[in-house]
Structures are given as structure tokens and as C-alpha cells.
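Numbering (the numbering used here), first residue to last: 762 to 1063.
Beneath this line is the structure, given in C-alpha cells, with notes to follow.
Here you go:
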């Protein structure tokens, strides 16, 4: 059985043909249109799905799509995207099903990534799991008792929009002092530009830190500590077995993990801190594609 998984991000849309063992057999990547043109983006997704099916010559059973914001996964409605304008109450599932004549399932992108890591990745065999993705936005997904937890209005897991201060900068979601507003990649890069006097990439910032540059180390340590403030709350509240961290920012690796682990060990309640393991995601750039394809599996989706 083959399905198409789609990871819709604020910067790129990644798509892939996935088999029942979680292998991505064929993939596409396009830029998310900067104009916030909803129709243009939907048409681009449809065209690329058709191209994947044609190029692969495989029979596709359906399409799963993970999107960067709150959704009603039962009705297939996008409520809004914090980092992409023009997507208020969009019935994306019905639009795609009508155009493609395929079954379509829709969920938050980090819920999708969480399913991927739970079934095939770093969270395998782990019944109480929290997954984070650190990128343009900061999202979270939660597995409790082996089931994806969505909450009363299907919007649980927004760890990136937990406030970490009483006052602070306004977030795109409308909140104040949200975690994402401090450690989303655009804000990290703004700090790096101020520190070094020019634009640099996250990869360059990581390499500078690994070579011992004190300014770069200070930036990554601060990112880890701010993330730690939020995750101490998560650890105390949910008592997870494991926290899996993915996304582009997580490529800093030990520069984030080591101070983050110290923060949790020092500030979380002892039993919860001792129990939880904090690891990097295993599925890498394919996590969203693989996880989205799993939305079509009824036992995981419902």
C-alpha cells in the first residue's frame, strides 16, 4: 500500500510517496508561496500530488497532510496558521478530496511528526511521548497511553505558544511572551545578526559554537534554557517517558540538548526529571512526510 504524505511548512512544502514500512520512495519539495496566496498554494499541492502519482506509477490509497497550525482533524478544517496569512477556517480536506478523488486526512504538522516518530522513529514502543519540532514555528505533539492526544477542540500540543514570561514580545498567534517568539529560527537569526553584525545561517551559528565561539555558544545556550523553562512545565504536568526533539533548529544537537537536560534535571520535580529521556528525532527531514502518511491509518487517526 502506498500513500502520499505532505508536510506543509511556512517556508517549504515537502511531499513524498510512502510505503507501509515508512519508506519514502519518491519525494518533492516546493517553496511555500510568499504572497500568502491560498489558492496558489493549494493548486501547487494538487499539481505535485498528481505528478508524484504519474511519475511513480504506483496505486495511491490516499493523502495525509500535516499543516502548521490548529485544525479540526475530524472535519478537515484549518482554523488558521500563525505564520501564514489568509488561512482562516479553510475546509482543506474537502477541497483536496474533490479535486483529487482520493481520501484525504488532515492534522497539525507536529501531530503528524509525532505519529511518525512513535511508529518508526525515536519514540517507538513509547506509550507516553512528547514530540517537539523547532523551526520557523515551535510545535508539539503528545502521545498518552499509546494514543495521540488532541484535546477537547482538537488543538492540544501548542507548546510553542506557552508563555515563558509574564510580559514580553507579542507572538503571531496573538499571545504575549510565547516560547516560539524567543526560539523560532527567525528570532535566533535576528539575535545572531546583532551579535555578529551580518546575516548568518543556523548552520554557521552551530559551526561557530562548535569551534568555541563564545557569542554563538551563548545564543544556543539561551535557546536551550528558554526551551527548558517550557519543558520543565511539560515534564511536571505530563510525566512523559520521552521527549523527542526535531526540526531545523534541533540540528544544533548537543549545543541544545546538554543545557536543556541540565535545566530539566535542576528544575523539574525529581521523579519526573529522573524518568524522562530527551532525545533527537530519528526520521530527520522525512518525519513530517512519514507521519502525515500515517494519518490514513484508522487506528492511529481516530
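C-beta atoms are modelled at their ideal positions from N, C-alpha and C, and glycine is treated no differently.
Small disclaimer: the values here were computed from a predicted structure and weren't measured.
Beta strand (DSSP E) segments (min. 3 residues) lying fully within the stretch 817-867: 821-828
Endpoints, beta strand (DSSP E) assigned at residue 764: 763-769
Three or more C-beta pairs below 8 angstroms linking the stretch 914-925 and the stretch 817-835: yes
Contact test: residue 904 Cβ vs the ligand COA heavy atom, cutoff 8 angstroms: The model on display carries no ligand, and the ligand COA is accordingly not part of it.
Residue 962 - DSSP class collapsed to helix/strand/coil: coil
Buried or exposed (CB count within 10 angstroms, at least 16 for buried), residue 928: exposed
Alpha-carbon spacing of residue 1010 relative to residue 963, whole angstroms: 7 angstroms
In DSSP terms, what residue 773 is bridged to: 792
CB-CB length for residue 882 against residue 1012, believed under 8 angstroms: Contact flag wrong, Cβ pair sits at about 16 angstroms.
Local Cβ density within 10 Å of residue 786, reported as buried at 16 or more and exposed below that: exposed
Per-residue burial, residue 862 [other beta carbons within 10 Å of its own, 16 or more giving buried]: exposed
Any beta strand (DSSP E) of 3 or more consecutive residues that is wholly inside the stretch 1037-1062: 1038-1041
Exposure of residue 762, with buried meaning 16 or more beta-carbon neighbours within 10 Å: exposed
Assumed close pair residue 946, residue 896 - CB separation to whole angstroms, cut-off 8 angstroms: 6 angstroms
Own chain residues within Cβ distance below 7 angstroms of residue 809, not counting five before or after: 776, 789 and 791
Pick from 886, 921 and 923 that is closest to residue 905, judged by C-alpha positions: 886
Residue 944 - DSSP class collapsed to helix/strand/coil: helix
Under 9 angstroms between C-beta atoms of residue 845 and residue 771: yes
Contiguous alpha helix (DSSP H) assignments of at least 4 residues, all confined to the stretch 872-938: none
Alpha carbon of residue 838 to alpha carbon of residue 782, nearest angstrom: 28 angstroms
Close beta carbons around residue 860, own chain, < 6 angstroms, minus the five adjacent residues each side: 807
Pairwise C-alpha distance: residue 995 and residue 980: 23 angstroms
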